[in-house]
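Counting from 390, one number per residue, gives the positions in the sequence shown under the working numbering. Note that the Cβ used here is the ideal one computed from N, Cα and C, for glycine as well. This report refers to the structure that appears directly beneath it.
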Amino acid sequence: MTYLVIGTGPAGLAAIRSFKDAGLPVEAAERNADVGGQWLYGAQSSAVYASTHLISSKFTTAFADFPMPDDWPAYPSRKQIEQYFKDFAKHFDLYPLIRFNDGVAKLERNGERWRATFDQGETRDYDGVVIANGHLSDPLMPKVSGNFSGTLMHAKDYKSPEIFDGKRVLICGMGNTGCDIVVDAIHRAKSVLWSVRGGNHFVPKFVAGKPADLSNHQAKFVLPKWLRSRLHEPFARLLAGPPERFGLPRPAHRLYDRTPIVNSLVLLHLGQGDVALRKPVKSFDGDSVIFEDGKRDEADVVVFATGYRITFPFLDDLAPLNWQPRFGAPRLYMNVFPPTDNGLFVAGLLEGAGVGWPGRALQTDLIAAYIKAKKEKPEAARAFRGEIERHATAGEKTDRGEHGIFVDFLQYKRDLQKAIARLG
Ligand SMILES: Cc1cc2nc3c(=O)[nH]c(=O)nc-3n(C[C@H](O)[C@H](O)[C@H](O)COP(=O)(O)OP(=O)(O)OC[C@H]3O[C@@H](n4cnc5c(N)ncnc54)[C@H](O)[C@@H]3O)c2cc1C
Ligand SMILES: NC(=O)c1ccc[n+]([C@@H]2O[C@H](COP(=O)([O-])OP(=O)(O)OC[C@H]3O[C@@H](n4cnc5c(N)ncnc54)[C@H](OP(=O)(O)O)[C@@H]3O)[C@@H](O)[C@H]2O)c1
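Here you go:
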């Protein structure tokens, strides 16, 4: 009986460790040359750029029993995080369980087992597979008519700001990536335009010199998400400033319904007039960009920081993951378990600032607990299966974001803990 973990970003590392701790035989495949996933700067899977710092503080983001060093800042740099994962894998002796530079090219059913075909040609059969391939590696580019004669790229390919030197730059998208790249560009470019569609809430990194995300995690009771939103939204608007005052759209959702923007610098630059806002791009015409309101500007570089697509390229058939074309995502119990007991599990497929790597570790502890319970506590496992099946037939939830994978981090982590306890 052997299990396979696909990917060794935070979720994959958590999975290898959970299985090892549970005494379940496990091996992992990683297409990159080392661990870290997104945080392995320059790797083909990584969307991290040189200036990246965490937006969630080290206290809430690090694995619970492997804190980041005391002398690191509250929001470490991507270089430190890359080192953190290498140290984590070394500390828990995970390296010997991972094959590097060899991804899973194909995953298919072979009787009751799963057959993996690796990039280098080998095939192996497994009793179960934890899919931890990440969901921020496959760029989502909007369809824009016309041709652009300058440099056109997605943020996935953006690494460092020299490309903006002396150029007229347009950044599209107001996720955390778009905001970071706008700030990068301002110090180098001749001019910066920022094309924005929907609104979002802004929260500061620090309140009274302390990481702003600490208080939520220290709360003894989980207030309902809507109530937390009502209570905290006025503080966010007071501390960071209402986005509308800077010309940005007013968010149509509540604070805890999506990952907020954790970037005060971009608002400062908007307020200083270092960047000008534009509507979404309608079309290109040579070196000109035409926006939805008819405005036209010339640009040398256009960066689409417009998000990512969820993909499982190694699966020809996505039905075993309960794929939902409407969301472009699978529908899974607790974002992990497909409705059929087919040996596939997904780890790390979630959006929700505050889940951090402890949340990923809870997901993989739950997978290991379920597999063990099937043998050692069949009644508990059967009851859990019932929960999975009931979820599959229940109606769609509407408050889980564009892909249906958004979770309310406080409630979600508690739900995972309770499920682990139910499985013993
Ligand atoms: C710029 C940026 C900043 C971020 N900041 C934060 C933050 O502050 N806090 C936070 O919590 N999160 C942040 N994130 C989110 C980040 O994605 C998570 O922190 C985390 O990296 C997700 O872990 P993961 O293991 O699910 O996926 P990933 O880190 O993407 O790892 C997936 C791994 O799977 C491997 N893989 C994929 N396909 C295959 C295959 N077929 N075979 C073998 N291997 C494969 C990839 O090579 C990769 O190593 C940030 C993301 C970005 C892009
Ligand atoms: N420093 C950090 O720690 C850091 C940095 C970057 C990213 N991250 C994390 O990484 C994940 C991905 O972030 P992301 O910013 O890359 O993607 P994202 O959160 O999906 O944001 C994409 C943005 O692009 C906008 N958009 C889409 N199509 C557009 C169009 N045609 N014109 C204008 N805007 C358009 C979206 O607007 P709508 O709202 O209208 O859809 C949204 O604002 C998130 O979890 C994020 O928090 C963290």
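(message) Can you find the residues in the same chain that come closer than 8 Å, C-beta to C-beta, to Tyr697, ignoring five residues on each side of it along the sequence?
(response) For Tyr697, same chain residues with a beta-carbon under 8 Å away, outside a window of 5 residues either side, are Ala436, His524, Leu525, Ser526, Asp527, Pro528, Leu529 and Lys545 in chain order.
(message) For Phe553, which residues in the same chain have their Cβ closer than 6 Å to its Cβ, ignoring the five residues on either side in sequence?
(response) Its chain contains Ala574, Arg577 and Ala578 as the residues whose beta carbon lies nearer than 6 Å to that of Phe553, once the 5 sequence neighbours on both sides are disregarded; these appear in chain order.
(request) Taking only runs that begin and end inside the segment 605-659, name each unbroken alpha helix (DSSP H) of 4 or more residues, in chain order. (result) Note on the segment 605-659: whole alpha helix (DSSP H) runs with a minimum of 4 residues are 614-628, in chain order.
(request) Just the C-alpha distance for Glu511 and Lys599, rounded to the nearest angstrom, thanks. (result) Answer to the nearest angstrom: the Cα atoms are 51 Å apart.
(message) Which runs of the beta strand (DSSP E) at least 3 residues long sit entirely within the segment 710-786? Give them in chain order.
(response) 733-735, all fully within the segment 710-786.
(message) Going by DSSP in three states, Asn490 sits in which element: helix, strand or coil?
(response) If DSSP states are grouped into helix, strand and coil, Asn490 belongs with coil.
(message) Helix, strand or coil for Arg420? Go by DSSP, reduced to three states.
(response) Three-state result, Arg420: coil.
(message) Does Pro767 pass the burial test, meaning 16 or more other C-beta atoms within 10 Å, or should it be called exposed?
(response) Exposed, by the Cβ-count rule.
(message) Using only CA atoms, which one of Asp689, Leu637 and Glu765 lies nearest to Gly813?
(response) Its Cα nearest to that of Gly813, the residue Glu765 stands out among Asp689, Leu637 and Glu765.
(message) Relative to the C-alpha of Thr695, which candidate in His480, Tyr547 and Leu603 has its C-alpha closest?
(response) The shortest C-alpha to C-alpha distance from Thr695 to any of His480, Tyr547 and Leu603 is the one to Tyr547.
(request) Please report the Cβ distance between Thr441 and Val415, rounded to the nearest whole angstrom; I am assuming they are in contact, meaning their Cβ atoms lie under 8 Å. (result) Between Val415 and Thr441 the Cβ distance is about 30 Å, and since that is not below 8 Å, they are no contact.
(request) Mark Asp797 as exposed unless 16 or more other C-beta atoms lie within 10 angstroms of its C-beta, in which case mark it buried. (result) Classification for Asp797: buried.
(request) Could you tell me which of Pro399, Phe591 and His543 sits nearest to Asp476, measuring between CA atoms? (result) Distances from the CA of Asp476 to each of Pro399, Phe591 and His543 were compared; the closest alpha carbon is that of Pro399.
(message) Please determine whether the Cβ atom of Ala544 lies at a distance below 7 Å from any heavy atom of ligand 3.
(response) Ligand 3 is absent from the structure shown, which contains only ligand 1 and ligand 2.
(message) Taking the alpha-carbon of Asp460 as reference, which of Lys447, Leu620 and Ala453 has the nearest alpha-carbon?
(response) Distance check between Asp460 and each of Lys447, Leu620 and Ala453 places Lys447 closest, using alpha-carbon atoms only.
(message) Can you confirm whether the segment 533-541 touches the segment 711-724 when touching is taken to mean that 3 or more C-beta pairs between the two stretches lie within less than 8 Å?
(response) In short, these stretches do not touch, since the Cβ pair count stays below three.
(request) Using only the heavy atoms of ligand 2, determine whether one of them is closer than 7 Å to the beta carbon of Met563. (result) In this structure, the C-beta of Met563 approaches ligand 2 to less than 7 Å from one of its heavy atoms.
(request) For the beta strand (DSSP E) containing Ala574, list its first residue and its last residue. (result) The continuous stretches of beta strand (DSSP E) do not include Ala574, which lies in the alpha helix (DSSP H) extending over residues Asn565 to Ile575.
(message) Tell me which residues share the same chain as Ser534 and place their Cβ nearer than 6 Å to its Cβ, disregarding the 5 neighbours each side in the sequence.
(response) Same-chain partners within the cutoff: Ser672.
(request) Would you grab the beta carbon distance between Met723 and Leu627 for me? Rounded to a whole angstrom, and I think it's under 8 Å. (result) Distance from Met723 to Leu627 at the Cβ level is roughly 35 Å; contact not present, criterion being Cβ atoms closer than 8 Å.
(message) My output table needs one value for Pro531: the three-state DSSP class, helix, strand or coil.
(response) Three-state DSSP puts Pro531 in coil, outside helix and strand.
(message) Checking 8 Å against the spacing of the C-beta atoms, do Asp508 and Ala494 come in under that value?
(response) Going by C-beta atoms, Asp508 is nearer than 8 Å to Ala494.
(request) Return the CA-CA distance between Arg643 and Thr450, expressed in angstroms with no decimal places. (result) A direct Cα-to-Cα measurement between Arg643 and Thr450 gives close to 23 Å.
(message) Give me, in chain order, the residues of the same chain whose beta-carbon lies closer than 7 Å to that of Ala432; leave out the 5 immediate sequence neighbours on both sides.
(response) Cβ within range, chain order: Asn421.
(request) Work out the CA separation of Arg406 and Gly660 for me, nearest whole Å. (result) Arg406 has its alpha-carbon roughly 47 Å from the corresponding atom of Gly660.
(request) Using three-state DSSP, classify Gly675 as helix, strand or coil. (result) Reduced to three states, the DSSP call for Gly675 is strand.
(message) Once DSSP output is grouped into helix, strand and coil, what is the label at Ile520?
(response) It is a strand residue.
(message) Which of the three DSSP states is assigned to Ser580 in this structure?
(response) DSSP places Ser580 in the strand class (E or B) of the three-state scheme.
(message) On the criterion of 16 or more Cβ atoms from any shown chain inside 10 Å, does Lys594 qualify as buried, or is it exposed?
(response) Buried, by the Cβ-count rule.
(request) Determine the direct distance from the alpha carbon of Ile794 to that of Asp706, and round the result to whole angstroms. (result) Straight-line Cα distance between these residues: approximately 20 Å.
(request) Can you grab the Cα-Cα spacing for the pair Val596 / Ala608, in whole Å? (result) Distance between the alpha carbons of Val596 and Ala608 is about 16 Å.
(message) Going by the DSSP bridge assignment, what does Lys495 pair with across the sheet?
(response) The partner list for Lys495 (beta bridge, DSSP) reads Thr506.
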